[in-house]
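A.B. asks: Got a structure for you, questions after.
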Amino acid sequence: MVTSRIDTDILILGSGGAGLFAALHAHQAAPELSITVAVKGLLGKCGCTRMVQGGYNVALAKGDSIERHFMDTIEGGKWLPDQDLAWQLVTLAVERIRELENELGCFFDRNPDGSIHQKAFAGQTFDRTVHKGDLTGIEIINRLAEQVWARGIARLEEHRAVELIRTRDGTALSGVLFVDMRTGEYVFVRAKAVLLATGGGPTMYRYHTPSGDKSCDGLAMALRAGLRLRDMEMVQFHPTGLLAGAHTRMTGTVLEEGLRGAGGHLLNGERERFMGRYDPKAERATRDIVSRAMFSEIKNGNTSPHGGLYISMSHLGADNVRKQFKGMVERCADCGFDLASGLVEVVPTAHYMMGGVEFAADCRTELPGLFVAGEDSGGVHGANRLGGNGVANSTVFGAVAGDSMAAWVRREGALREPDGAAIESAVATCETPFKNRPARSNLESLREKLFETMWERVGILRDAAGLEQALAELGSLNDELDRFALDGTNRAFNLSWHDWMNLKNLAAVSRVITAAAIARKDSRGAHFRSDFPETGPLDESAFTSICFDEVAMRPVKFTRVRPGQTLLKDAA
Ligand SMILES: Cc1cc2nc3c(=O)[nH]c(=O)nc-3n(C[C@H](O)[C@H](O)[C@H](O)COP(=O)(O)OP(=O)(O)OC[C@H]3O[C@@H](n4cnc5c(N)ncnc54)[C@H](O)[C@@H]3O)c2cc1C
Numbered sequence: 023m024v025t026s027r028i029d030t031d032i033l034i035l036g037s038g039g040a041g042l043f044a045a046l047h048a049h050q051a052a053p054e055l056s057i058t059v060a061v062k063g064l065l066g067k068c069g070c071t072r073m074v075q076g077g078y079n080v081a082l083a084k085g086d087s088i089e090r091h092f093m094d095t096i097e098g099g100k101w102l103p104d105q106d107l108a109w110q111l112v113t114l115a116v117e118r119i120r121e122l123e124n125e126l127g128c129f130f131d132r133n134p135d136g137s138i139h140q141k142a143f144a145g146q147t148f149d150r151t152v153h154k155g156d157l158t159g160i161e162i163i164n165r166l167a168e169q170v171w172a173r174g175i176a177r178l179e180e181h182r183a184v185e186l187i188r189t190r191d192g193t194a195l196s197g198v199l200f201v202d203m204r205t206g207e208y209v210f211v212r213a214k215a216v217l218l219a220t221g222g223g224p225t226m227y228r229y230h231t232p233s234g235d236k237s238c239d240g241l242a243m244a245l246r247a248g249l250r251l252r253d254m255e256m257v258q259f260h261p262t263g264l265l266a267g268a269h270t271r272m273t274g275t276v277l278e279e280g281l282r283g284a285g286g287h288l289l290n291g292e293r294e295r296f297m298g299r300y301d302p303k304a305e306r307a308t309r310d311i312v313s314r315a316m317f318s319e320i321k322n323g324n325t326s327p328h329g330g331l332y333i334s335m336s337h338l339g340a341d342n343v344r345k346q347f348k349g350m351v352e353r354c355a356d357c358g359f360d361l362a363s364g365l366v367e368v369v370p371t372a373h374y375m376m377g378g379v380e381f382a383a384d385c386r387t388e389l390p391g392l393f394v395a396g397e398d399s400g401g402v403h404g405a406n407r408l409g410g411n412g413v414a415n416s417t418v419f420g421a422v423a424g425d426s427m428a429a430w431v432r433r434e435g436a437l438r439e440p441d442g443a444a445i446e447s448a449v450a451t452c453e454t455p456f457k458n459r460p461a462r463s464n465l466e467s468l469r470e471k472l473f474e475t476m477w478e479r480v481g482i483l484r485d486a487a488g489l490e491q492a493l494a495e496l497g498s499l500n501d502e503l504d505r506f507a508l509d510g511t512n513r514a515f516n517l518s519w520h521d522w523m524n525l526k527n528l529a530a531v532s533r534v535i536t537a538a539a540i541a542r543k544d545s546r547g548a549h550f551r552s553d554f555p556e557t558g559p560l561d562e563s564a565f566t567s568i569c570f571d572e573v574a575m576r577p578v579k580f581t582r583v584r585p586g587q588t589l590l591k592d593a594a
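Residue numbers for the sequence shown follow this note's numbering, beginning at 23 and rising by one.
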């Protein structure tokens with residue numbers, strides 16, 4: 023059934039910040055190597071890096087320091103981050119932002135004296151977020167894509183990776199099986215090194231922000247390949263998702279963090295500010311705290327017409343809001359809201375997965391030949407990602423992965439024969455809905471079940487009974503998906519088929535989120551158990567590490583700083 027086979031030295035899955043930075047760095051480090059970027063959408067036009075609004079955290083300004091950025095990241099992550107990875111993030115972000123400006127040609131906003139403007143983001147002790155207005159990602163991804171095009175790096179666009187295929191003896195990765203979405207044919211790409219950079223994406227929740235091409239495919243493939251995933255219970259909800267009714271895909275899309283950073287107010291259905299009752303930092307508390315407070319207000323029934331709350335910016339001056347948040351004002355206007363001088367309905371929305379594949383500082387995974395970077399990886403952010411650390415993570419570790427894949431391929435990379443039986447089995451699994459007969463169920467109703475389970479029982483507030491119920495529901499959802507039958511046999515651009523594959527992967531990753539949430543019997547950052555509301559001793563912090571269905575709790579190594587200590591000299 024595999025109709026074409028391709029060989030390449032380096033294969034990169036995904037063309038977000040991680041994938042494109044990896045391609046450029048690998049090419050720079052080893053120009054003689056063949057590099058292929060394979061992507062579910064069109065290169066430069068898909069994924070979440072393009073959607074980045076607020077900006078990029080980096081310690082550049084006088085008064086700030088990488089130690090301060092590091093401490094904010096560790097404290098924001100509730101002492102769960104891998105400290106060496108977090109240190110790499112904050113130190114290399116400085117190099118990457120220089121590279122973005124000086125080598126790749128990004129224009130970021132500047133101060134009158136010519137220095138880079140850095141704005142406030144919630145949960146941080148310094149204004150360090152570099153940005154281009156409030157649509158920073160378009161600037162970054164356009165410049166990256168242009169540079170990739172200019173270097174003649176090979177592209178497989180509208181190619182969906184469906185399975186990581188090991189070698190015959192199972193000890194290393196041989197390559198990746200794809201569906202060419204334009205024809206529906208299967209393609210096998212053999213590679214010496216593969217980067218998983220498909221960007222996670224918690225689109226299993228009723229309200230979510232990521233792009234529609236993201237359905238946790240990389241995480242699901244890693245799980246099936248037997249890799250360990252960590253921190254999977256940590257799903258970040260962004261407090262201000264736009265709420266414009268069920269008829270529009272704009273519902274769930276994010277209104278940027280800078281609105282709260284700049285002094286925006288959150289109001290309940292009675293138009294009263296409520297955040298002060300939950301946290302002294304009010305609207306500028308971290309995302310987890312604000313989302314939880316909002317969810318509680320919503321559960322109390324004090325809501326806006328669509329069942330959410332409001333954000334109000336008018337007290338900051340309508341002209342000022344229009345100038346500072348042009349993109350957001352226009353987005354709200356498209357949905358009939360006036361952000362500058364009125365009220366906009368908002369709801370917490372699933373935004374980011376802190377969890378992902380466990381990896382080493384050079385982006386290697388346990389499976390020889392497989393590397394990981396960006397939102398598919400776990401360990402950098404711990405229990406909570408700071409706004410602005412996401413795109414820093416994908417660009418920093420994308421570049422690291424590019425450098426280390428190039429070195430690895432030169433040193434020990436080889437094209438290895440795949441396990442043919444594994445390819446056949448993966449093809450057979452993809453073919454399931456064409457073989458099942460007759461058509462028995464409706465994908466929309468299955469999606470709705472997934473949304474209901476994850477939003478109500480594995481979302482912002484969790485407890486043992488709800489999580490156990492969710493596991494059972496996810497099991498029967500998976501069975502229903504296995505019985506699902508597609509109408510017809512046309513595979514070219516068959517979006518229902520791809521939707522089925524999306525849901526299969528989302529159900530698998532949802533199960534892992536749920537299992538990790540059951541295992542963590544405390545509350546930290548994005549994970550809140552109403553039956554275990556205490557954080558527990560920080561000195562004994564442990565992270566969840568899951569492989570297939572087995573969850574282990576592993577102690578965090580405090581390699582640079584212990585709870586109660588700081589790296590900041592002026593605070594000592
Ligand atoms: C609306 C929004 C606003 C955000 N704003 C900010 C912000 O202001 N600051 C910040 O730091 N972070 C922000 N983030 C988070 C940030 O976008 C991500 O952390 C980061 O960009 C992820 O980069 P990535 O390269 O890992 O993944 P992505 O950029 O999402 O790229 C993933 C790529 O993988 C491809 N792909 C997916 N599945 C497959 C498959 N099966 N086969 C082949 N290819 C596949 C996708 O098509 C895409 O090209 C925001 C996110 C969203 C959704």
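No residue lacks a Cβ here, since even glycine has one placed at the ideal position from N, Cα and C.
Using a Cβ-Cβ cutoff of less than 6 Å, which residues in the same chain neighbour G441 once the five nearest sequence positions on both sides are dropped?
C.D. replies: Start at 1 with the first residue of the sequence shown, and residue 441 comes out as number 419. Rather than Gly, the amino acid found at residue 441 in this sequence is Asp. Answer for D441: R188, R190, listed in chain order.
A.B. asks: Do V422 and C452 count as a contact pair if the criterion is CB distance below 8 Å?
C.D. replies: The residue you call residue 452 lines up with position 430 of the sequence shown. The residue you call residue 422 lines up with position 400 of the sequence shown. No, the Cβ-Cβ distance between C452 and V422 is not below 8 Å.
A.B. asks: At a threshold of 7 Å, does T225 count as lining ligand 1 (C-beta to nearest heavy atom)?
C.D. replies: Position 203 of the sequence shown holds residue 225. Not so, every heavy atom of ligand 1 lies at least 7 Å from the Cβ.
A.B. asks: Quick one: measure Cβ to Cβ for K214 and A436, integer angstroms, because I've assumed they're closer than 8 Å.
C.D. replies: Reading the sequence shown from its first residue, position 192 is the one you call residue 214. Reading the sequence shown from its first residue, position 414 is the one you call residue 436. Yes, they are in contact, since the Cβ atoms of K214 and A436 sit about 6 Å apart, within 8 Å.
A.B. asks: Tell me the DSSP secondary structure of S56 in three-state form.
C.D. replies: Translated into the one-based positions of the sequence shown, residue 56 becomes position 34. If DSSP states are grouped into helix, strand and coil, S56 belongs with coil.
A.B. asks: G136: which of G586, A83, L218, A266 sits nearest, CA to CA?
C.D. replies: By one-based count along the sequence shown, residue 136 stands at place 114. The shortest C-alpha separation from G136 is found at A83.
A.B. asks: Under three-state DSSP, which class holds P455?
C.D. replies: Within the sequence shown, numbered from 1, the residue matching residue 455 stands at position 433. P455: helix per DSSP, three-state reduction.
A.B. asks: Closer than 6 Å by C-beta to A115: which residues in its own chain qualify, once you throw out the five before and the five after it? Chain order, please.
C.D. replies: In the sequence shown, the residue the question calls residue 115 occupies position 93. These residues qualify, in order along the chain: V80, A414, V418.
A.B. asks: Give a single yes or no on whether M376 has its beta carbon closer than 7 Å to a heavy atom of ligand 1.
C.D. replies: The residue given as residue 376 occupies position 354 in the sequence shown. No, ligand 1 has no heavy atom inside 7 Å of this Cβ.
A.B. asks: Quick one: what's got a C-beta closer than 8 Å to A594's C-beta in the same chain, skipping five residues either side?
C.D. replies: Residue mapping note: residue 594 aligns to position 572 of the sequence shown, counting from 1. Because the pLDDT of A594 is 45, which lies under 50, any placement of that residue in the model is unreliable, and the number read from its coordinates should be weighed accordingly. These residues qualify, in order along the chain: T588.
A.B. asks: Grouping DSSP H, G and I as helix and E and B as strand, with all else coil, what is V480?
C.D. replies: Mapped onto the sequence shown, residue 480 falls at position 458. Three-state result, V480: coil.
A.B. asks: Can you round the beta-carbon distance between S233 and C128 to whole angstroms, since I take them to be within the 8 Å contact cut?
C.D. replies: Translated into positions along the sequence shown, residue 233 becomes position 211. Translated into positions along the sequence shown, residue 128 becomes position 106. Going by Cβ atoms, the distance from S233 to C128 rounds to 21 Å, so no, they are not a contact pair.
A.B. asks: State yes or no: is the C-beta of N458 nearer than 7 Å to some heavy atom of ligand 1?
C.D. replies: Here residue 458 corresponds to residue number 436 of the sequence shown, with the count starting at 1. No - ligand 1 has no heavy atom lying nearer than 7 Å to the Cβ of N458.
A.B. asks: Classify L64 as helix, strand or coil using the three-state DSSP reduction.
C.D. replies: Mapped onto the sequence shown, residue 64 falls at position 42. L64: coil per DSSP, three-state reduction.
A.B. asks: So, at 6 Å on beta carbons, what are the nonlocal neighbours of G159 in its own chain, with the 5 sequence-adjacent residues on each side left out?
C.D. replies: Locating residue 159 in the sequence shown gives position 137, counting from the first residue. Closer than 6 Å at Cβ, skipping near neighbours: T71, R72, M73, V74.
A.B. asks: Going by beta-carbon coordinates alone, are D86 and G222 separated by less than 8 Å?
C.D. replies: One-based indexing of the sequence shown puts residue 86 at position 64. One-based indexing of the sequence shown puts residue 222 at position 200. Not in contact: D86 and G222 (Cβ atoms no closer than 8 Å).
A.B. asks: To the nearest angstrom, how far is the alpha carbon of D509 from that of T205?
C.D. replies: Position 487 of the sequence shown, counted from the first residue, corresponds to residue 509. Position 183 of the sequence shown, counted from the first residue, corresponds to residue 205. C-alpha separation (whole angstroms): 17 Å.
A.B. asks: Give a single yes or no on whether H91 has its beta carbon closer than 7 Å to a heavy atom of ligand 1.
C.D. replies: Within the sequence shown, residue 91 is the residue found at index 69, counting from 1. Incorrect: H91 has no Cβ contact closer than 7 Å to ligand 1.
A.B. asks: Is the closest heavy atom of ligand 1 to the C-beta of E161 under 7 Å?
C.D. replies: Here residue 161 refers to the residue found at position 139 of the sequence shown. Outside the cutoff, so no.
A.B. asks: Closest to M316 by CA distance: which of G263, V351, G349 is it?
C.D. replies: Position 294 of the sequence shown, counted from the first residue, corresponds to residue 316. Residue G263 is the option with its Cα nearest to M316.
A.B. asks: If contacts are defined as beta-carbon pairs under 8 Å, then D104 and G401 qualify, I think. What distance do you get, rounded to the angstrom?
C.D. replies: Here residue 104 corresponds to residue number 82 of the sequence shown, with the count starting at 1. Here residue 401 corresponds to residue number 379 of the sequence shown, with the count starting at 1. With 8 Å as the limit, D104 and G401 qualify as a contact, their Cβ atoms being about 4 Å apart.
A.B. asks: Could you name each continuous beta strand (DSSP E) segment of 3 residues or more that falls completely within the segment 247–316, going from the start of the chain to the end?
C.D. replies: Entirely contained in the segment 247–316, the beta strand (DSSP E) runs reaching 3 residues are, in chain order, 257–264, 287–289.
A.B. asks: For the beta strand (DSSP E) that C569 lies in, which residues bound it at each end?
C.D. replies: Taking the first residue of the sequence shown as position 1, residue 569 is located at position 547. C569 -> beta strand (DSSP E) spans 564–569.
A.B. asks: Under the criterion of a Cβ to heavy atom distance below 7 Å, does H549 qualify as lining ligand 1?
C.D. replies: By 1-based counting over the sequence shown, the position of residue 549 is 527. No, the beta carbon of H549 sits no closer than 7 Å to any heavy atom of ligand 1.
A.B. asks: When you compare only the Cα positions, how much space is there between V61 and E180?
C.D. replies: Mapped onto the sequence shown, residue 61 falls at position 39. Mapped onto the sequence shown, residue 180 falls at position 158. So the two alpha carbons sit approximately 6 Å from each other.
A.B. asks: Which runs of the alpha helix (DSSP H), 4 residues or longer, sit entirely within the segment 41–127?
C.D. replies: For the segment 41–127, whole alpha helix (DSSP H) runs of length 4 or above, ordered along the chain, are 88–98, 105–120.
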